[in-house]
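Quick note: this note's numbering has the sequence shown finishing at residue 291, numbered continuously throughout.
Beta carbons: idealized from backbone N, C-alpha and C, even for Gly.
Bear in mind that the values here come from a model prediction, so they are computed numbers and not experimental data.
The structure appears right after this line, and notes come after that.
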Amino acid sequence: MRLNTLAVCAVRDYLEMMGVPVNWNECDSWNPFMRACVDAADLEVLGLGRLECRAIATDASTCYVPPEVWEDRIGYVVVRLDEVEKQVCILGFVQQVTQEQLTVNQLRSPEDLLSHLQDLSAITSLSFANANPPTSTVNLRQWFQNTFEPGWQTVVSLLNPTEHNLTFSFRKTEELNTNEVDRPENFVRRAKLIDLGMQLAGHAVALVMELRPASEQKTDLIVQVHPTGRETFLPPSLQLIVLDESGSVFLEAKARRADNYIQLQFSGTTGERFSVKVALGDVGITEHFII
Numbered sequence: 001m002r003l004n005t006l007a008v009c010a011v012r013d014y015l016e017m018m019g020v021p022v023n024w025n026e027c028d029s030w031n032p033f034m035r036a037c038v039d040a041a042d043l044e045v046l047g048l049g050r051l052e053c054r055a056i057a058t059d060a061s062t063c064y065v066p067p068e069v070w071e072d073r074i075g076y077v078v079v080r081l082d083e084v085e086k087q088v089c090i091l092g093f094v095q096q097v098t099q100e101q102l103t104v105n106q107l108r109s110p111e112d113l114l115s116h117l118q119d120l121s122a123i124t125s126l127s128f129a130n131a132n133p134p135t136s137t138v139n140l141r142q143w144f145q146n147t148f149e150p151g152w153q154t155v156v157s158l159l160n161p162t163e164h165n166l167t168f169s170f171r172k173t174e175e176l177n178t179n180e181v182d183r184p185e186n187f188v189r190r191a192k193l194i195d196l197g198m199q200l201a202g203h204a205v206a207l208v209m210e211l212r213p214a215s216e217q218k219t220d221l222i223v224q225v226h227p228t229g230r231e232t233f234l235p236p237s238l239q240l241i242v243l244d245e246s247g248s249v250f251l252e253a254k255a256r257r258a259d260n261y262i263q264l265q266f267s268g269t270t271g272e273r274f275s276v277k278v279a280l281g282d283v284g285i286t287e288h289f290i291i
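Here you go:
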């Protein structure tokens, strides 16, 4: 297991050097408890899936790949470790495995691994673009007249307030909590599902918008992103970005490990336009608004 951890480190360093974003912190091979329980050697490539990184000795001609990882990996990388000389060498990879013993002569080059990841990224981006056509501009002033664009739902209908993760998130935010339903109607709040496709492994997040009139011409806004379904935390490095009318970044927040929501607060005047982008890696969805 220690050797496989070294193999994961080698592949991680190689991919980062080549500009490929990875996330090891959420993998079984990073977790000491999981490493003690299972034969873990996974490395997540952001937005694409997980690679299996297996180590072999200098004199080995085959590499063992356990059956439990045959179906849920985007590739299998073999790394040769020379513990005497303290050297590592990435021998190559294969896209699929159907037997426990993988021979070295079956491997494609490390350069082919990069091409494989680029092809997967292109397919993911194309699928994402086809599934997410450009959105129209949301008129937030109409929300105060209870007129909402399709897809914008009540927070309670989209996020179950009895779920622990939702209750905990809202309790931690003074401006946005489930007890506010008993207060006078001096705010409007709606939520929309944001689906980043393969980036989130099929799990959508919720974009929550809250509006409060500060004056006749000024509106205070709170923007949050929450996990949905059974997910407790947001994916690490998920970004929430507010763009001004020119498309420049005005505010941004990034989810850390174990964040159950992220939030931005700002104010705007009547007629002002802005956009909100939710992104992970190279993939994102942008919603356009006018106050």
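| request: Determine the contact status of V69 and F93, defining contact as a CB-CB distance below 8 Å. | output: no
| request: Would you list, in sequence order, the uninterrupted beta strand (DSSP E) runs of no fewer than 3 residues that lie entirely inside the stretch 205-254? | output: 205-213, 218-227, 239-243 and 249-254
| task | Under the assumption that L207 contacts V188 (Cβ atoms under 8 Å), give the Cβ distance between them as a whole number of angstroms. | result | The pair is not a contact, with the Cβ atoms about 15 Å apart (cut-off 8 Å).
| said: Buried or exposed for F144, going by 16 or more other Cβ atoms inside 10 Å? | reply: exposed
| query | Looking at V104 and L91, is the spacing between their C-beta atoms short of 8 Å? | reply | yes
| field | Which of helix, strand or coil DSSP assigns to Q118 | value | helix
| query | How would you label N298, buried or exposed, when you count the other beta carbons within 10 angstroms and need 16 or more for buried? | reply | The first residue shown for the chain is 1 and the last is 291, placing residue 298 beyond what the model contains.
| How do the stretch 59-68 and the stretch 8-25 stand: do at least 3 beta-carbon pairs fall below 8 Å, yes or no? | no
| task | Report buried or exposed for E245, applying the criterion of at least 16 other Cβ atoms within 10 angstroms of its Cβ. | result | exposed
| When you compare only the Cα positions, how much space is there between V8 and E252? | 31 Å
| query | With DSSP run on the structure shown, which of helix, strand or coil describes D182? | reply | For D182, the pLDDT reaches just 36, beneath the cut-off of 50, and the residue's location in the model is therefore unreliable, although a value from the coordinates is still provided. Of the three classes helix, strand and coil, the one that applies to D182 here is helix, per DSSP.
| request: Please confirm whether R50 and D39 have their CB atoms less than 8 Å apart. | output: no
| query | Helix or strand or just coil, what does DSSP make of S29? | reply | coil
| Residue from E287, D282, V155 and F289 whose Cα sits closest to the Cα of G19 | D282
| Between the Cα of D82 and the Cα atoms of D119, G271 and A55, which residue gives the shortest distance? | A55
| query | From L15 to S115, what does the alpha carbon distance come to, in whole angstroms? | reply | 12 Å
| Distance between G75 and V223 (C-alpha atoms, nearest Å) | 37 Å
| query | How long is the line joining the alpha carbons of N146 and V11, rounded to whole angstroms? | reply | 53 Å
| query | Is it the case that the CB of Q101 approaches a heavy atom of the ligand ATP more closely than 7 Å? | reply | This structure does not include the ligand ATP; it has no bound ligands of any sort.
| Which class does F128 belong to by DSSP, given the choice of helix, strand or coil? | Here the model assigns F128 a pLDDT of 48, short of 50, so the residue's position is not dependable and the matter cannot be decided.
| query | To the nearest angstrom, how far is it from the Cα of Q153 to the Cα of R190? | reply | 5 Å
| request: Return the first residue and the last residue of the beta strand (DSSP E) that S267 is part of. | output: I262 to T269
| field | For V84, the three-state DSSP class (helix, strand or coil) | value | coil
| Contact check, T269 vs Q217, beta carbons under 8 Å | yes
| Since L243 and F250 are thought to touch, with beta carbons under 8 Å apart, how far apart are those beta carbons, to the nearest angstrom? | 6 Å
| message | Short of 7 Å in beta carbon distance, which residues of its chain neighbour D220, apart from the five on each side in sequence? Order them along the chain. | response | R212, A214 and S267
| request: For R2, count neighbouring C-beta atoms within 10 Å of its own C-beta (all shown protein chains included) and say buried if the count is 16 or more, exposed if not. | output: exposed
| query | Can you tell me whether V276 is buried or exposed, with buried defined as 16 or more other CB within 10 angstroms of its CB? | reply | buried
| message | Which residue marks the beginning of the beta strand (DSSP E) containing T286, and which one marks its end? | response | V283 to I290
| message | Going by DSSP in three states, N146 sits in which element: helix, strand or coil? | response | coil
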